[in-house]
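Numbering (this note's numbering), first residue to last: 1 to 338. Ideal Cβ positions, reconstructed from N, Cα and C, are used throughout, including at glycine.
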Ligand SMILES: Cc1ncc(COP(=O)(O)O)c(C=O)c1O
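1) Leaving aside the five residues before and after residue 162 along the sequence, list all residues of the same chain whose C-beta is less than 6 angstroms from its C-beta, in chain order.
2) Name the DSSP beta bridge partners of residue 287, please?
3) Which one or two residues does DSSP pair with residue 4 in a beta bridge?
4) Per DSSP, which one or two residues make a beta bridge with residue 195?
5) Taking the alpha carbon of residue 77 as the reference point, which residue from 235, 158, 188, 165 has its own alpha carbon closest?
6) Indicate, with yes or no, if ligand 1 has a heavy atom lying under 7 angstroms from the CB of residue 197.
7) Pick out whichever of 50, 180, 61, 201 has its Cα sitting closest to the Cα of residue 226.
8) Whose C-alpha, out of 21, 107, 184, 111, is nearest the C-alpha of residue 49?
9) Compute the minimum distance between the beta carbon of residue 53 and the heavy atoms of ligand 1, and state whether it is under 7 angstroms.
10) Would you say residue 97 and residue 68 are within 8 angstroms of each other, going by their C-beta atoms?
11) Roughly how many whole angstroms lie between the Cα atoms of residue 313 and residue 285?
12) Once the 5 residues before and after residue 137 are set aside, which same chain residues still bring their CB inside 7 angstroms of it?
13) Near residue 303, what residues of its chain come up, given a Cβ to Cβ distance below 6 angstroms and the 5 sequence neighbours on each side ignored?
14) Any idea which residues DSSP pairs residue 100 with across the strands?
15) Please report the distance separating the alpha-carbon of residue 201 from that of residue 279.
16) Determine whether the Cβ of residue 76 lies closer than 8 angstroms to any Cβ atom of chain C.
17) Rounded C-beta distance between residue 41 and residue 54? I'm assuming under 8 angstroms.
18) Can you tell me the Cα-Cα spacing of residue 46 and residue 270, whole angstroms?
19) Confirm the yes/no value for this check: CB of residue 140, any heavy atom of ligand 1, distance under 7 angstroms.
20) State the DSSP-derived secondary structure class of residue 159, mapped to helix, strand or coil.
21) With distance defined between alpha-carbon atoms, name the residue in 211, 159, 321, 26 nearest to residue 117.
22) From the DSSP output, read off the bridge partner residues of residue 53.
23) Relative to the alpha-carbon of residue 217, which residue among 66, 15, 30, 7 has its alpha-carbon at the smallest distance?
24) Whose C-alpha, out of 306, 151, 310, is nearest the C-alpha of residue 287?
25) Can residue 323 and residue 9 be called in contact, C-beta distance under 8 angstroms?
26) Checking 8 angstroms against the spacing of the C-beta atoms, do residue 204 and residue 36 come in under that value?
27) Would you mind reading off the limits of the beta strand (DSSP E) that contains residue 134?
28) Report whether the distance from the Cβ of residue 167 to the nearest heavy atom of ligand 1 is below 7 angstroms.
29) Going by DSSP in three states, residue 330 sits in which element: helix, strand or coil?
30) Is residue 297 near residue 315, with beta carbons less than 8 angstroms apart?
31) Ligand 1 and residue 172: does any heavy atom of the ligand fall closer than 7 angstroms to the residue's C-beta?
32) Answer with buried or exposed for residue 22, where buried requires no fewer than 16 other C-beta atoms within 10 angstroms of its C-beta.
33) Excluding the 5 residues flanking residue 223 on each side, which residues of the same chain have their C-beta closer than 6 angstroms to its C-beta?
34) Can you round the beta-carbon distance between residue 206 and residue 5 to whole angstroms, since I take them to be within the 8 angstroms contact cut?
In structure tokens form, the structure reads like this:
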């Protein structure tokens, strides 16, 4: 049996999730007539205490729609240098929104209110207008780190003072909320827009939601259509999302425990260098001689354990419900033997 730790996007729908998909009532969502999508959008907006939501095929699309909604071409977006919106969305901020990015070097993917203040452009003919701050929680490339909520509140204050919009890339916000014992409504009160993914740790095969006020989501609906993201009988996918929201959030705690166990085993090995602090379900570490990231990944693959080299020195492992406690134990036994 393969232990696939490359990403929590490798989860497969469970029989129960598939059953809920088969039973979904569907319609044409471009006409607003898919009852299951309408239900998913209403449930998620309600969870976060926000006015409206729109279902999209991917987290990249929800982020990119949000950025386009908030900005005009020639404006500037502040985000951390390792942000998904900046390094993993194909240059979409430039391509889709005609904006430039002011990337800040933060702490494991997180930025502070002071850093935002320092990076807001003065109003001057030769400067781009700073328009949007986008943060990620948990951070992907920052190793699943979480913001302390007071730092988010402090960034929000800066956004209010400087009339900047504030977007949350919450692909793994569920993991952050479980880890920090926070509620969706706390986030709904702060952000102008929130992107949440159903297809990462929650285990749905497809789908993300963008949340905001009614006018914002109306604008987002138009942009989704222009981006080619208007879907028809996609209620089958939304049903998986509803199932995920109702059943798969609390169990993320297990994934976090598994990540801690794996990290503890790795730290004992002489060929493992720095292991980034483990907060949620992502483990990022340096591989040292005699291994390279590629040869270490290849060694694990001989035992059907799949991991992802993410730079010349770092490897990433992500825990999820497709990796059981028994598989984690087996893998740790193997690491101990190397
Ligand atoms: C932090 C973050 N944001 C956005 C995305 C994009 O999601 P998708 O793969 O659904 O486009 C990912 C994907 O892994 C992610 O890790």
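Put simply:
1) Taking the chain shown and counting its residues from 1, the one referred to as residue 162 is at position 162. The answer, listed in chain order, is 120.
2) As a working note, residue 287 is residue 287 in the chain shown. Residue 287 is bridged to 272.
3) Start at 1 with the first residue of the chain shown, and residue 4 comes out as number 4. According to DSSP, which records beta bridges pairwise, residue 4 is partnered with 306.
4) By 1-based counting over the chain shown, the position of residue 195 is 195. Paired residues: 169, 210.
5) As a working note, residue 77 is residue 77 in the chain shown. Of the candidates 235, 158, 188, 165, the one whose C-alpha sits nearest the C-alpha of residue 77 is 165.
6) Your numbering for residue 197 matches position 197 in the chain shown. Yes, the Cβ of residue 197 comes within 7 angstroms of a heavy atom of ligand 1.
7) To locate residue 226, count along the chain shown from 1; it is residue 226. Considering only alpha carbons, the answer is 61.
8) Position 49 of the chain shown, counting from 1, holds the residue named residue 49. The shortest Cα separation from residue 49 among 21, 107, 184, 111 belongs to 184.
9) For the purposes of this step, residue 53 is taken as the residue at position 53 of the chain shown. No.
10) Counting from one through the chain shown, the residue named residue 97 turns up at place 97. Counting from one through the chain shown, the residue named residue 68 turns up at place 68. Cβ distance < 8 angstroms, so residue 97 and residue 68 count as in contact.
11) The residue you call residue 313 lines up with position 313 of the chain shown. The residue you call residue 285 lines up with position 285 of the chain shown. About 8 angstroms.
12) For the purposes of this step, residue 137 is taken as the residue at position 137 of the chain shown. The residues are 146, 147, 168, 170, 173, 176.
13) If you number the chain shown from 1, residue 303 lands on position 303. Counting only Cβ-Cβ distances below 6 angstroms, and skipping sequence neighbours, we find 334.
14) Here residue 100 corresponds to residue number 100 of the chain shown, with the count starting at 1. According to DSSP, which records beta bridges pairwise, residue 100 is partnered with 76.
15) For the purposes of this step, residue 201 is identified with residue 201 of the chain shown, where counting begins at 1. For the purposes of this step, residue 279 is identified with residue 279 of the chain shown, where counting begins at 1. About 15 angstroms.
16) Reference to chain C is not applicable here, since this structure consists of a single protein chain.
17) On the chain shown, residue 41 is found 41 positions in, with the first residue counted as 1. On the chain shown, residue 54 is found 54 positions in, with the first residue counted as 1. About 6 angstroms separates the two Cβ atoms, so the contact holds.
18) Here residue 46 refers to the residue found at position 46 when the chain shown is read from its first residue. Here residue 270 refers to the residue found at position 270 when the chain shown is read from its first residue. Approximately 49 angstroms between the Cα atoms of the pair.
19) Here the question's residue 140 lines up with position 140 in the chain shown. Yes.
20) What you label residue 159 is simply residue 159 of the chain shown in a count that begins at 1. Three-state result, residue 159: helix.
21) Position 117 of the chain shown, counted from the first residue, corresponds to residue 117. Closest by alpha carbon: 159.
22) Stepping through the chain shown from its first residue, residue 53 is reached at position 53. Partner(s): 211.
23) Mapped onto the chain shown, residue 217 falls at position 217. For the residues 66, 15, 30, 7, the minimum Cα distance to residue 217 belongs to 66.
24) Taking the first residue of the chain shown as 1, we reach residue 287 at position 287. Of 306, 151, 310, the residue nearest in Cα terms is 310.
25) The residue given as residue 323 occupies position 323 in the chain shown. The residue given as residue 9 occupies position 9 in the chain shown. The answer is no: Cβ separation not under 8 angstroms.
26) Locating residue 204 in the chain shown gives position 204, counting from the first residue. Locating residue 36 in the chain shown gives position 36, counting from the first residue. Cβ distance not < 8 angstroms, so residue 204 and residue 36 don't count as in contact.
27) Numbered from 1 along the chain shown, position 134 holds the residue referred to as residue 134. 130–136 is the extent of the beta strand (DSSP E) around residue 134.
28) In the chain shown, the residue the question calls residue 167 occupies position 167. Answer for residue 167: no, Cβ out of range of ligand 1.
29) Walking along the chain shown from the start, residue 330 turns up at place 330. Here residue 330 sits in helix by DSSP.
30) The residue you call residue 297 lines up with position 297 of the chain shown. The residue you call residue 315 lines up with position 315 of the chain shown. Yes, the Cβ-Cβ distance between residue 297 and residue 315 is below 8 angstroms.
31) In the chain shown, counting from the first residue as 1, residue 172 sits at position 172. Within the cutoff, so yes.
32) Position 22 of the chain shown holds residue 22. Classification of residue 22: exposed, given that the 10 Å Cβ count is below 16.
33) Translated into the one-based positions of the chain shown, residue 223 becomes position 223. 65, 68, listed in sequence order.
34) To locate residue 206, count along the chain shown from 1; it is residue 206. To locate residue 5, count along the chain shown from 1; it is residue 5. That belief does not hold up - the Cβ atoms of residue 206 and residue 5 are roughly 21 angstroms apart, past 8 angstroms.
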